[in-house]
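All remarks here apply to the structure that follows.
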Amino acid sequence: MGCSSCSSGGGSPRGCQNNGTCSSGGCNKLGVFDWLANMQLPSGQAPFDILEIRFKNSRKAFYRNTKNLSLQVGDVVVVEASPGYDVGVVSVVGELARIQVKKKAPSLADNEVQKIHRIATQEDIDKWMRARTLESEVMFQARTLAVNIGLEMKISDVEYQGDLSKATFYYTAEGRVDFRQLIKDMAEKFKIRVEMRQIGSRQEAQRLGGIGSCGRELCCSTWLTDFRSVSTSAARYQQLSLNPQKLAGQCGKLKCCLNYELDMYLEAIKSFPSTEAKLQTEKGSAYHIKTDVFKRQMWFGYEGSAGVGTGLIALTPERVKEIIQLNQAGKKPADLKAFEEEIVRKEPDYDNVVGQDSLNRFDNKFSNKKRKKKKPNGPRPEGAVVAEAKPANAPQRPPQRPQAPRPNNTDRPAGENTPAEGNKPAQGNHKRNNQRRRPPRPKTGGNENSGV
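In our numbering, the protein residues as written are 1394 to 1845.
Structure, rendered in structure tokens:
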């Protein structure tokens, strides 16, 4: 959950202008989705007064809202600290906070919960942001002091308190470190109270964050809070090669994701025979090489000279169980090749579509003329809506002009008044839909006499 103004535009970062590193230390680290936000409490029930406050990186703590402040997720608040005060961001409120308290701190007593003082003012926020800008330089100077003293430790992170009166230094070390002289030197140089807190390598990766080999952000910095032990047997059950470089995460320990699908592999392996059993044949004894859980196949190879030129033989778990039963009965098959099932690989079927379509099919211009739909001439279906009749007082359409009879041209000689083929005018596209031919003008007697 990061800042509301943390976005990019035109290639330049916005928000805190920290070039990819969140100044508040909380961008997308252990974010919370409040799925109970739209739920209303029953009448008469008071809201839960304990809230979860997020600080730098993945540090969170519970605080009590004793002053009944109207707080929402994302509000910056001033909380009680020892000594002084600290500044944090509200991450969980309401009934979801009650669930988090029961899950993470079920034995939390009332006197152990610190209080929320007030909503942070602009002066508190400015002081808090100024403390964030000092942390990077102070961390490098503290590392230099530790090297000068000769301490075998690594200071990985520094977190200033919101009032600039105290700083917590997180470090990792293989064993116990006597840092009393280091605390004196840092308190004298930085003029603050110093607290040293040792964390493990996984907690270090959780605070700093990063990108895993899968291309996604680290699980421990985004959602994983329960760090369970991971052993190499988890990799063996999943048929993974025991390569430390591939199995180790950024913390240097085995990846936590090895436990995600371990239960499914253990359930699937129950249907496979034991890999320690050897298959006895007349050709020789064969031992197990590898297993593919997804394809449900087991590969065996012969020992000694019997395996020269034979290669690996793929058998199904059912076939392996059948051979084991034969061996227990005192029988030996002639060869494992008789039990091998041929693996048929399905080749993709590519149809030959050459010549089915023309190469210039996209060069033709399609007409965009709108064609009118023809009305069906069949019987009207049942339930069809009939147009309403016109009212009696509606204006009537004027009567059409009477059409004179068309003269008979049967007496005209052939070829008369017919233009030649070369002088024939071009015929255009005439619109004849919904148009009537104009009747010829009737001839009067005066016009006939004038033509004589």
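In this text, a Cβ means the ideal position worked out from N, Cα and C, and glycines have one as well.
Owing to the predicted nature of the structure, the values given are computational and were not obtained by experimental measurement.
Considering only DSSP beta bridges, list what Met1589 is partnered with. Phe1562
Could you tell me if Val1701 is buried or exposed, where buried requires 16 or more neighbouring beta carbons within 10 angstroms of its beta carbon? By the beta-carbon neighbour count (other beta carbons within 10 angstroms, threshold 16), Val1701 is exposed.
Hey, Gly1723 and Tyr1695 are a contact pair by Cβ (cut 8 Å); roughly how many whole angstroms apart? Cβ-Cβ separation between Gly1723 and Tyr1695: approximately 21 Å, too far for a contact (criterion under 8 Å).
Element boundaries [beta strand (DSSP E), containing Lys1683]: For Lys1683, the enclosing beta strand (DSSP E) starts and ends at 1678-1685.
Residue closest to Tyr1680, alpha-carbon to alpha-carbon, out of Gly1608, Met1522, Ala1670, Ser1622: Ala1670
Leu1729 burial status per 10 Å Cβ neighbour count (16 or more: buried): buried
Range of the contiguous beta strand (DSSP E) that encloses Glu1473: Taken as a continuous stretch (DSSP letters only), the beta strand (DSSP E) holding Glu1473 covers 1469-1473.
Is Tyr1563 buried or exposed, if buried means 16 or more other CB atoms sit within 10 Å of its CB? Here Tyr1563 is buried. Its C-beta has 16 or more other C-beta atoms within 10 Å.
For the alpha helix (DSSP H) holding Arg1447, just list the boundary residues, first then last. From DSSP, Arg1447 is part of no alpha helix (DSSP H) but of the beta strand (DSSP E) over 1443-1447.
Beta carbon of Arg1457 nearer than 9 Å to that of Gln1507: Yes, the pair counts as a contact, with Cβ atoms nearer than the cut-off.
Using the C-alpha atoms, what's the distance from Cys1613 back to Leu1708? 40 Å
At least three beta-carbon pairs within less than 8 Å, the segment 1539-1546 to the segment 1568-1582: yes
Cβ separation of Ala1580 and Leu1557, assumed to be a contact under 8 Å, to the nearest whole Å: With a Cβ gap of about 14 Å, Ala1580 and Leu1557 do not count as contacting.
Helix, strand or coil, according to DSSP, for Met1432 in the structure here? coil
Determine which residues share a DSSP beta bridge with Trp1692 and list them. Lys1683, Ala1707
Assuming contact is defined by CB atoms lying nearer than 9 Å, are Tyr1630 and Ile1682 in contact in what I supplied? no
Below 9 Å between beta carbons: does that hold for Val1686 and Lys1648? no
Taking only three categories from DSSP, how would you classify Gln1631? It is coil, neither helix nor strand.
Is the segment 1488-1502 in contact with the segment 1513-1522, if contact means three or more CB pairs nearer than 8 Å? no
Taking Lys1577 as the reference, give the member of Leu1672, Ala1731, Leu1538 with the closest Cα. Leu1538
Less than 9 Å between the C-beta atoms of Gln1628 and Leu1617, yes or no? The amino acid occupying residue 1628 in the given sequence is Ala; Gln does not appear at that position. For Ala1628 and Leu1617, no; Cβs fall outside 9 Å.
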